[in-house]
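Data block below; observations after.
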Amino acid sequence: MCLGIPGEVIEFLPDQPDLARVDVSGVKRVINVALLADDPPEPGEWVLIHVGFALSKIDESEAAAALEFLEEIGQAYADELAALQESRIE
Amino acid sequence: MRFVDEFRDADKAHALAAKIAALCVPGRQYKLMEVCGGHTHTIYKHGLEDYLPESITLVHGPGCPVCVIPMGRVDDAIHLASQPDVIMTSFGDMMRVPGSQESFFDARAAGTDIRMVYSPLDSLKIARQNPGKRVVFVAIGFETTTPSTAMTVLRAAAEGLGNFSVFCNHVTIIPAIKAILDSPDLRLDGFIGPGHVSTVIGCRPYEFIAREYGKPVVVAGFEPLDILQSIYMLMVQLSEGRTEVENQYTRVVPWDGNLAALRAINQVMELRPYFEWRGLGFISHSAMRMRPDYASFDAELLFQVPGVRVADPKACQCGEVLKGVLKPWECKVFGTACTPETPIGTCMVSPEGACAAYYNYGRMNRHRVVEVSIS
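First to last, the protein sequences are chains H and D.
Numbers 1 to 90, taken from my numbering, label the letters of the first sequence in order.
Numbers 91 to 465, taken from my numbering, label the letters of the second sequence in order.
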């Protein structure tokens, strides 16, 4: 829950500007990007995601470092990814 | 040492360690608190204490939201879940936290409908799909997750969703830090500030620590080098007699935080007069509840919540661990009666809890650190 996981924005959902499809370690899921309304990300940009919400934009190298950190954590990240996989935000 | 083997830039780490050591005044002891459980995890995982001179002690703080939930709130949540037609939703992290009688997992096995969700927004979907049921989301977390709950309530309000509510346990980090600063048990020299919480609240809320308590604060990232760099920045401040708030994690944390997130929190929630923290007791203005405008989403108003205060088990010393007064292994039940598989206290439940982190990674350092703490 506390883990911030990096995801790459793929596209915004048509008719739902608050929602974007992102790629997190190969898992493609919908997240909410309304908290970045003051400076919205573009497709191809990376965001740090907490419980289904993008909280900050990050650059690609930060995303890579964050992923490496998460992969070292092991089980907690595996649980978070599994939970994300179950998620159906709409 | 694990750190040398695993870390990709050990040279930099050694160089930082040498610079840190050079700043230590002989004969002086330094106690630095890392507030955030994520930092605790990195420190144990990479054995960062082995890189520091023995005069620097890292003290683990209260920044694990699962760990600070008192038993009574777990009991209250299970009481809510057992009401007619209720579906309770919760982050997975809460499922194994012991209440006075049982955990969420136990309650679910006994027949209550408790479902794990990744996001509070997933609870909305469950509510839409089950119009005849009342869906209660158990909201926990510091300011990192509070905006998500607030945005979810705003969404539910916009949809006119009448069968969704929140059992709000969101806590705020600043009053907890202040409680620790005011506690006579512990004298700290500086703080490694939390990374993700600061993404939301920014760096300004820590300024009182520097100004009124005369302690430096450095907001830090989660890589081992981030933490060593932050310790170095704290030591530079201490050696120069400065006390300021500095931001080591500028690549993620804006100085002013995330204003959209703060607006969302402020629209939906307000501070409670007080809230009970495990180990720290009641702290004024330290947690959030729904504003009256959003009372129809407040599970504590929609349902009767017992609100019974339950004392922690006698053997459990989570309170001392959360305040940084005890190291995890100094707790009487650490690693014997209390393990990640059968936790007695919350610090052993969450992977970010100091006890679980130490149990999983720290044993090889135990003897050395014990010697340091005695000397």
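The C-beta atom is built at its ideal place from N, Cα and C for all residues, glycine as well.
With a Cβ-Cβ cutoff of 8 angstroms, do residue i and residue j count as a contact?
i, j, result
"residue 208 of chain D", "residue 63 of chain H", "no"
"residue 9 of chain H", "residue 27 of chain H", "no"
"residue 120 of chain D", "residue 279 of chain D", "yes"
"residue 228 of chain D", "residue 178 of chain D", "yes"
"residue 362 of chain D", "residue 381 of chain D", "no"
"residue 36 of chain H", "residue 289 of chain D", "no"
"residue 257 of chain D", "residue 226 of chain D", "yes"
"residue 34 of chain H", "residue 18 of chain H", "yes"
"residue 217 of chain D", "residue 253 of chain D", "yes"
Could you pull the start and end residues of the beta strand (DSSP E) that residue i belongs to?
i, result
"residue 205 of chain D", "204 to 206"
"residue 438 of chain D", "Unbroken run through residue 438 of chain D: none, as it is neither H nor E."
"residue 238 of chain D", "No beta strand (DSSP E) holds residue 238 of chain D; the alpha helix (DSSP H) holding it covers 236 to 249."
"residue 226 of chain D", "224 to 231"
"residue 255 of chain D", "254 to 260"
Taking residue i as part of the alpha helix (DSSP H), name the residues at either end of that continuous run.
i, result
"residue 451 of chain D", "444 to 451"
"residue 22 of chain H", "Not the alpha helix (DSSP H): residue 22 of chain H falls in the beta strand (DSSP E), residues 16 to 24."
"residue 134 of chain D", "127 to 135"
"residue 405 of chain D", "It is not in any alpha helix (DSSP H) - residue 405 of chain D carries neither H nor E in the DSSP assignment."
"residue 393 of chain D", "Taken as a continuous stretch (DSSP letters only), residue 393 of chain D belongs to no alpha helix (DSSP H), as it is neither H nor E."
"residue 341 of chain D", "Residue 341 of chain D -> no alpha helix (DSSP H), and no H or E assigned at all."
I'd like to know whether the C-beta of residue i is nearer than 8 angstroms to at least one C-beta of chain H.
i, result
"residue 318 of chain D", "no"
"residue 220 of chain D", "no"
"residue 103 of chain D", "no"
"residue 155 of chain D", "yes"
"residue 41 of chain D", "Residue numbering for chain D in the displayed model covers 91 to 465; residue 41 of chain D lies beyond these limits and cannot be assessed."
"residue 263 of chain D", "no"
"residue 454 of chain D", "Confidence is the limiting factor: at residue 454 of chain D the pLDDT is only 42, short of 50, which leaves the residue's position unreliable, though a coordinate-based value still follows. Chain H, which has no Cβ nearer than 8 angstroms to the Cβ of residue 454 of chain D, makes this no."
"residue 341 of chain D", "yes"
"residue 354 of chain D", "yes"
"residue 123 of chain D", "no"
"residue 348 of chain D", "yes"
At a threshold of 7 angstroms, does residue i count as lining the ligand ADP (C-beta to nearest heavy atom)?
i, result
"residue 302 of chain D", "Annotation note on the ligand ADP: not contained in the displayed structure, which lists no ligands."
Please check the pair residue i and residue j, which I expect to be a contact at CB under 8 angstroms, by giving their CB distance rounded to whole angstroms.
i, j, result
"residue 246 of chain D", "residue 387 of chain D", "6 angstroms"
"residue 202 of chain D", "residue 172 of chain D", "5 angstroms"
"residue 267 of chain D", "residue 347 of chain D", "With a Cβ gap of about 16 angstroms, residue 267 of chain D and residue 347 of chain D do not count as contacting."
If you measure from the beta carbon of residue i to each beta carbon in chain D, is any gap under 8 angstroms?
i, result
"residue 88 of chain H", "yes"
"residue 20 of chain H", "no"
"residue 69 of chain H", "yes"
"residue 15 of chain H", "no"
"residue 94 of chain H", "The structure shown does not extend to residue 94 of chain H, since chain H is modelled only from 1 to 90, so the question has no answer here."
"residue 79 of chain H", "yes"
"residue 84 of chain H", "yes"
"residue 2 of chain H", "yes"
"residue 10 of chain H", "no"
"residue 56 of chain H", "yes"
"residue 65 of chain H", "yes"
"residue 75 of chain H", "yes"
"residue 62 of chain H", "yes"
Cβ contact check for the segment 299 to 317 of chain D and the segment 331 to 346 of chain D: 3 or more pairs under 8 angstroms: yes
Cβ pair count under 8 angstroms reaching 3, the segment 236 to 243 of chain D against the segment 122 to 137 of chain D: no
Inter-stretch contact (C-beta, 8 angstroms, three-pair minimum) for the segment 280 to 290 of chain D and the segment 105 to 125 of chain D: yes
Three CB pairs or more closer than 8 angstroms across the segment 176 to 189 of chain D and the segment 158 to 168 of chain D: yes
Chain C contacts from the segment 33 to 53 of chain H (Cβ-Cβ distance under 8 angstroms): Note that chain C does not occur in the displayed structure, where the protein chains are H and D.
Inter-stretch contact (C-beta, 8 angstroms, three-pair minimum) for the segment 230 to 238 of chain D and the segment 253 to 270 of chain D: yes
Touching by the beta-carbon criterion (3+ pairs, under 8 angstroms), the segment 402 to 418 of chain D and the segment 305 to 313 of chain D: no
Three CB pairs or more closer than 8 angstroms across the segment 434 to 447 of chain D and the segment 145 to 161 of chain D: yes
Three-pair Cβ contact test at 8 angstroms for the segment 36 to 47 of chain H versus the segment 69 to 81 of chain H: no
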